[in-house]
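Protein chains in written order, with this note's numbering: chain A, 5 to 84; chain B, 5 to 84.
Yeah, the Cβ is synthetic: ideal placement off N, Cα and C, and Gly gets one too.
Nothing here was measured: the structure is a model prediction, and the numbers come from that model.
The structure appears below as structure tokens.
There are 2 protein chains.
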Amino acid sequence: MKISAIVTLKKDVLDPQGKVVQQALKGMGFDNVKEIRQGKYFEIDVDENDKKKAEKKAEEMCKKLLANLVIEDFKIIGSQ
Amino acid sequence: MKISAIVTLKKDVLDPQGKVVQQALKGMGFDNVKEIRQGKYFEIDVDENDKKKAEKKAEEMCKKLLANLVIEDFKIIGSQ
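Here you go:
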């Protein structure tokens, strides 16, 4: 089962990478972009058929390795 | 309006970063992970209230800057 998770910087944490992307877009003519924040996306293929259990596993992975909970949030966004 | 987009490597493109994450997880005891692929996540805040138009703009940004279409795919996954 494939679980999708995203890890994003917390709201109050500065995101210089996103800022640069925003400036680049502005330079290309996209001037109605208010803000861009960049994060990480993970597609985790777990050897588990039960959706609940697979999501639980993915959540645990996010907590233990994929996200730095001091400055980042994570969200399981789907499974298939 | 905030548009969420993800950019992932195409299926046939090797993802060494994901591989390393998978090995790290294995070392931590998560041994039922078949594969992990990592991608990028963008939260784009566009100054546009029409959902269709905002998504169109975000799509254009992905095509022109955020994704390298030779090796990457992108997907608009939501808006709020």
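For L70(B) against F78(B), the beta-carbon gap comes to about 7 Å, under 8 Å, which counts as contact. Not flagged as an interface residue toward chain B: D16(A), since no C-beta distance is shorter than 9 Å.
Of all C-beta pairs linking the segment 53-60 of chain B to the segment 16-23 of chain B, fewer than three are shorter than 8 Å, placing the two stretches out of contact. Judged by DSSP in its simplified three-state form, A71(B) adopts coil rather than helix or strand. When the five nearest sequence neighbours on each side are left out, the beta carbons in the same chain lying within less than 6 Å of the beta carbon of Y45(A) are those of I10, in order along the chain. Assigned with DSSP and collapsed to three states, V17(B) falls in coil, not helix or strand. Contact note: K68(A) reaches chain B through M32, using a C-beta cutoff of 8 Å and chain order. Counted as a single uninterrupted DSSP element, the alpha helix (DSSP H) harbouring E59(A) occupies residues K55 to M65.
Its chain contains V37, E39 and I40 as the residues whose beta carbon lies nearer than 8 Å to that of Q26(B), once the 5 sequence neighbours on both sides are disregarded; these appear in chain order.
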